[in-house]
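Undergrad:
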Amino acid sequence: MSTTVETARSSVIVAIDGPSGTGKSSTSKAVAAALGLSYLDTGAQYRAITWWMLTNGIDVSNPEEIATAAAKPVIVSGTDPAAPTITVDGEDASGPIRTQEVTSKVSAVSAVPEVRTLITALQRSIAAAATGGIVVEGRDIGTTVLPDADLKIFLTASPEARAARRSGEVKGSDLTATREALIKRDAADSGRKTSPLAKADDAVEVDTTELTLQQVIECVVTLVEGKRVAA
Ligand SMILES: Nc1ncnc2c1ncn2[C@@H]1O[C@H](COP(=O)(O)OP(=O)(O)OP(=O)(O)O)[C@@H](O)[C@H]1O
Ligand SMILES: Nc1ccn([C@H]2C[C@H](O)[C@@H](COP(=O)(O)O)O2)c(=O)n1
Numbered sequence: 001m002s003t004t005v006e007t008a009r010s011s012v013i014v015a016i017d018g019p020s021g022t023g024k025s026s027t028s029k030a031v032a033a034a035l036g037l038s039y040l041d042t043g044a045q046y047r048a049i050t051w052w053m054l055t056n057g058i059d060v061s062n063p064e065e066i067a068t069a070a071a072k073p074v075i076v077s078g079t080d081p082a083a084p085t086i087t088v089d090g091e092d093a094s095g096p097i098r099t100q101e102v103t104s105k106v107s108a109v110s111a112v113p114e115v116r117t118l119i120t121a122l123q124r125s126i127a128a129a130a131t132g133g134i135v136v137e138g139r140d141i142g143t144t145v146l147p148d149a150d151l152k153i154f155l156t157a158s159p160e161a162r163a164a165r166r167s168g169e170v171k172g173s174d175l176t177a178t179r180e181a182l183i184k185r186d187a188a189d190s191g192r193k194t195s196p197l198a199k200a201d202d203a204v205e206v207d208t209t210e211l212t213l214q215q216v217i218e219c220v221v222t223l224v225e226g227k228r229v230a231a
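So that you can map any letter, position 214 of the sequence shown is 214 in the UniProt record's numbering, and since no number is skipped, the others follow by simple counting.
#1: Does SER77 come out as helix, strand or coil in the three-state DSSP assignment?
#2: Please check the pair THR208 and GLY23, which I expect to be a contact at CB under 8 angstroms, by giving their CB distance rounded to whole angstroms.
#3: Here's the rule: buried if 16 or more other CB atoms are within 10 angstroms of the residue's CB, otherwise exposed. What is ALA8?
#4: Compute the beta-carbon to beta-carbon distance between LEU223 and ILE134, rounded to the nearest angstrom, for a pair I have assumed lies under 8 angstroms.
#5: With a threshold of 7 angstroms (Cβ to nearest heavy atom), would GLY142 be considered close to ligand 1?
#6: Going by C-alpha to C-alpha distance, which of LEU155, ALA108 and CYS219 sits closest to ARG47?
#7: Please state whether the Cβ-Cβ distance between VAL145 and ARG124 is less than 8 angstroms.
#8: Among the candidates ALA130, GLU137, VAL229 and THR85, whose CA atom is the shortest distance from the CA of PRO19?
#9: Have a look at ARG162, ILE141 and GLU210 and flag the residue whose alpha-carbon is nearest the alpha-carbon of LYS199.
#10: Is any heavy atom in ligand 4 found nearer than 7 angstroms to the beta carbon of ARG165?
#11: Within 8 angstroms, do at least three Cβ pairs link the stretch 46-61 to the stretch 91-102?
#12: Run through DSSP, which three-state label would LEU197 get?
#13: Spell out a yes or no on whether the stretch 171-188 and the stretch 29-41 are touching, meaning 3 or more CB-CB pairs, one atom from each, closer than 8 angstroms.
#14: Can you give me the C-alpha to C-alpha distance between ALA127 and ILE183, rounded to a whole angstrom?
#15: Any chance you could list the beta strand (DSSP E) runs of at least 3 consecutive residues sitting entirely within the stretch 76-111, in chain order?
#16: By DSSP's criteria, SER38 is part of a beta bridge. Which residues make up the other side?
#17: Is GLU6 helix, strand or coil by DSSP?
#18: Taking the Cβ atom as the reference point for each residue, do ALA71 and VAL112 lie within a distance shorter than 8 angstroms?
#19: Closer than 7 angstroms: is that where the CB of VAL185 sits relative to any heavy atom of ligand 2?
#20: Can you tell which of THR87, THR120, LEU54 and GLU64 has its C-alpha closest to the C-alpha of GLN100?
#21: Report the option in ALA161, THR79, ALA188 and ALA187 whose CA atom is closest to the CA atom of LEU175.
#22: Assuming VAL76 and THR87 form a contact by the criterion Cβ under 8 angstroms, report the distance between their Cβ atoms to the nearest whole angstrom.
#23: Could you spell out where the alpha helix (DSSP H) holding ILE119 opens and where it closes?
#24: In angstroms with no decimal places, state the Cα-to-Cα distance between VAL206 and THR156.
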């Protein structure tokens with residue numbers, strides 16, 4: 001096999017960040033599947049620790065209580081993009097972490113520095129173990145978790161487009177309330193002191209407002225392939 005082909009297939013680390021509803025999960029899974037890479041949903045990990053706190057009687061309005069309990073749950077992420085998994089203490093958490101209660105509390109739990117230190121270490125260990133390459137999506141991947149990623153993407157979209165996408169997932173949902181809830185969560189995630197939601201200086205920004213999901217996937221696949229060949 002020629003050197004060119006070997007480098008074209010070399011391992012690659014891709015960081016995809018952005019606000020809620022910009023298409024990070026859908027895009028990251030599809031790109032990873034198309035390119036034979038692993039996939040890590042870091043939001044699911046913050047949701048998992050939040051769910052554990054809620055089901056174990058931790059007062060999630062008390063950062064000290066959260067910090068003290070943070071190391072107790074064992075969170076395991078499966079990184080197959082065709083069937084990503086998340087367990088807490090061996091229990092499948094993929095359903096419970098998507099409830100409205102978890103969504104409304106996850107920003108408070110994920111703002112606690114002790115939580116971020118533990119989850120960031122877990123994310124780095126998963127990325128290091130993914131020897132064939134990985135797409136990692138979240139809020140602080142390009143800035144904090146994997147600052148040396150080969151490619152950093154920052155997805156954006158108007159609040160109206162994001163609310164319409166989210167409302168489309170739940171029959172009968174209120175568009176205005178959905179828009180307000182995601183703006184509130186973005187403000188909390190952007191405004192926290194420790195590794196806030198932010199675009200890395202060297203990230204490629206992709207505004208997905210007017211793009212179909214397929215167009216976004218093709219755009220990111222092209223960017224990853226470009227990096228692989230250039231490596
Ligand atoms: N470009 C797009 N056009 C239309 N719909 C899209 C587009 N990208 C994603 N979607 C849809 O929007 C919804 C939200 O997408 P997704 O869950 O991937 O966003 P996200 O950025 O990961 O959100 P969150 O951070 O809240 O988990 C999904 O229903 C998805 O199918
Ligand atoms: N790298 C990350 C990923 C997620 N979070 C927090 C902030 C989000 O509101 C929440 C849920 O993420 P989602 O499932 O909506 O992608 O988790 C974070 O702080 N850092």
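The beta carbon of each residue, even a glycine, is placed where N, CA and C say it ideally should be.
TA: If we stick to the structure as given:
#1: The sequence position of residue 77 within the sequence shown is 77, counting from 1. Three-state result, SER77: strand.
#2: As a first step, residue 208 must be located in the sequence shown, where it is residue number 208. As a first step, residue 23 must be located in the sequence shown, where it is residue number 23. Their Cβ separation, rounded to whole angstroms, is 5 angstroms, which keeps THR208 and GLY23 in contact under 8 angstroms.
#3: Here residue 8 refers to the residue found at position 8 of the sequence shown. Bear in mind that a pLDDT of 39 at ALA8, under 50, signals an unreliable position, so the number given afterwards is only what the model happens to contain. Exposed.
#4: Position 223 of the sequence shown, counting from 1, holds the residue named residue 223. Position 134 of the sequence shown, counting from 1, holds the residue named residue 134. Contact doesn't hold; Cβ gap of about 15 angstroms is too wide.
#5: Looking up residue 142 in the sequence shown gives position 142. GLY142: no, Cβ never under 7 angstroms from ligand 1.
#6: Taking the sequence shown and counting its residues from 1, the one referred to as residue 47 is at position 47. Taking only the C-alpha atoms, the option nearest ARG47 is ALA108.
#7: The count along the sequence shown starts at 1 and reaches residue 145 at position 145. The count along the sequence shown starts at 1 and reaches residue 124 at position 124. Yes; because the gap between Cβ atoms is below 8 angstroms, this pair is in contact.
#8: The count along the sequence shown starts at 1 and reaches residue 19 at position 19. Checked all of ALA130, GLU137, VAL229 and THR85; the closest Cα to PRO19 is GLU137.
#9: Along the sequence shown, one-based indexing puts residue 199 at 199. Closest by alpha carbon: ILE141.
#10: Looking for ligand 4 in the displayed structure turns up nothing; the ligands present are ligand 1 and ligand 2.
#11: yes
#12: Numbered from its first residue, the sequence shown carries residue 197 at position 197. Residue state, collapsed to three classes: coil.
#13: Segments in contact, no.
#14: Counting from 1 along the sequence shown, the entry for residue 127 is found at position 127. Counting from 1 along the sequence shown, the entry for residue 183 is found at position 183. Taking the straight line from one Cα to the other gives about 30 angstroms.
#15: 85-88, all fully within the stretch 76-111.
#16: Position 38 of the sequence shown, counted from the first residue, corresponds to residue 38. Paired residue(s): ILE134.
#17: By one-based count along the sequence shown, residue 6 stands at place 6. Confidence at GLU6 is low in this model, with a pLDDT of 41, below 50, so its placement is unreliable and the value that follows should be read with caution. Helix.
#18: Taking the sequence shown and counting its residues from 1, one reaches residue 71 at position 71. Taking the sequence shown and counting its residues from 1, one reaches residue 112 at position 112. The answer is no: Cβ separation not under 8 angstroms.
#19: The residue you call residue 185 lines up with position 185 of the sequence shown. The sequence shown places Arg at residue 185, rather than the Val named in the question. With a threshold of 7 angstroms, the Cβ atom of ARG185 counts as near ligand 2, since some heavy atom of the ligand is closer than that.
#20: Taking the sequence shown and counting its residues from 1, one reaches residue 100 at position 100. With distances taken between Cα atoms, GLN100 lies closest to LEU54.
#21: Counted from its first residue, the sequence shown places residue 175 at position 175. It is ALA161 whose Cα lies nearest to the Cα of LEU175.
#22: Numbered from 1 along the sequence shown, position 76 holds the residue referred to as residue 76. Numbered from 1 along the sequence shown, position 87 holds the residue referred to as residue 87. The Cβ separation is near 5 angstroms, so the contact holds.
#23: For the purposes of this step, residue 119 is taken as the residue at position 119 of the sequence shown. Run containing ILE119: 113-129, per the alpha helix (DSSP H) assignment.
#24: Here the question's residue 206 lines up with position 206 in the sequence shown. Here the question's residue 156 lines up with position 156 in the sequence shown. The alpha-carbon separation between VAL206 and THR156 amounts to approximately 6 angstroms.
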